[in-house]
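Report on the structure given below.
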Amino acid sequence: MTPQELKSILSHGLLSFPVTDFNAQGDFNQAGYIKRLEWLAPYGASALFAAGGTGEFFSLAASEYSQVIKTAVDTCATSVPILAGVGGSTRQAIEYAQEAERLGAKGLLLLPHYLTEASQDGVAAHVEAVCKSVNIGVVVYNRNVCRLNADLLEKLAERCPNLIGYKDGLGDIELMVSIRRRLGDRFSYLGGLPTAEVYAAAYKALGVPVYSSAVFNFVPKTAMDFYHAIARDDHATVGKLIDDFFLPYLDIRNRKAGYAVSIVKAGAKIAGYDAGPVRTPLTDLTAQEYEMLAALMDKMGPQGL
């Protein structure tokens, strides 16, 4: 798949990030991960991102990363494209990027580098180095310490033909508008704020109709119903799902830092696809919070195709 073919795929539809399965000892559970991907793939997501933020990329050892990406690529070879999360220092991100390309990933999501703050020029050099280390398409994730502006993204677009996507996790509307207006159709644009559904209507109005859904991991039918309602401007359905599900869901998610991942793993367990516990430094939901989520999911009804 060429970078431009991947860009076309990412310009339409719903995207999602499968959680990574661990067993009770906290080790990668390949069988559970295969079962999860086989369950989610037929629901119609345009692409799945393996070892992304929701997939706990930040907690994976290098050997585990290879297992996760290979398993995802092999399992979804005939169903849905797999993009791999990469991140960390520039050299580490390049190693992950080249490994993901070797294993057959169709593209990369370049997650923010960690810990240190950096100048715009330094972040741009980091992104350029990773892009030039591979031939597959790259989506850059503007979030936390990665805050590229429109000027530098335009320069990167000129230098890196395989930089085909921009994912926004900042929620800075002024910045998003400036990037979208400056770059036009050069990129595919993805909404990437946690629980992106809450922002989906606003981002669609900005010319960013595509977003990644975490709740697709455990209520895939509801996630797709919401996406289709957004796409057809069905404001009544959008409003009802926000009131009945997403706002109560946020009340649980916002109780502790890190719950954006923890609550997704809890939901997967309730749905019958237990992915095991989160790894430290994250913490799992309490028993009470787990029951609150279960009751909320029950209101959404069966999630079968």
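Take 2 as the starting number for the sequence shown in my numbering and just add one per residue.
Heads up, the beta-carbon is just placed ideally off N, CA and C, and yes, glycines get one too.
Just so it is clear, the structure is predicted and the values come from calculations on it, not from any experiment.
A contact is defined here as three or more CB-CB pairs under 8 angstroms, and the region 187-196 meets this definition with respect to the region 207-221. Counting the other CB atoms within 10 Å of its CB gives residue 28 a total below 16, which places it among the exposed residues. Selection 142, 153, 30, 301 evaluated against residue 224 yields 301 as nearest (Cα-Cα).
For residue 168, the pairing in a beta bridge is given by DSSP as 142, 191. Bridge pairing for residue 219: absent [DSSP]. Taken in chain order, the whole beta strand (DSSP E) runs of length 3 or more contained in the region 51-126 are 83-87, 108-111.
Around the C-beta of residue 127, 16 or more other C-beta atoms lie within 10 Å, and the residue is accordingly described as buried. Residue 125 and residue 297 have their C-alpha atoms spaced approximately 42 angstroms apart.
The beta carbons of residue 269 and residue 217 sit no closer together than 8 angstroms. Contact between the region 29-47 and the region 11-19 is present: 3 or more CB-CB pairs across the two stretches fall below 8 angstroms.
Per DSSP, residue 47 lies in no alpha helix (DSSP H) and is assigned neither H nor E. By the CB criterion at 8 angstroms, residue 239 and residue 202 fall inside the cutoff. The region 83-101 makes contact with the region 54-67, as at least three CB pairs between them are under 8 angstroms.
The shortest CA-to-CA distance from residue 285 to any of 267, 275, 273 is the one to 267. Per DSSP, the continuous beta strand (DSSP E) segment holding residue 213 begins and ends at 211-214.
Below 8 angstroms, too few C-beta pairs join the region 102-119 and the region 21-36 to call them touching: fewer than three. Residue 251 places its beta carbon less than 8 angstroms from that of residue 196. Contact between residue 277 and residue 24 holds: CB atoms are separated by about 6 angstroms, below the 8 angstroms threshold. In this structure, residue 168 keeps its C-beta atom at 8 angstroms or more from the C-beta atom of residue 84. In summary, residue 76 is buried, with 16 or more beta-carbon neighbours lying within 10 Å of its beta-carbon over all protein chains present. CA-CA distance, residue 74 to residue 38, rounds to 10 angstroms.
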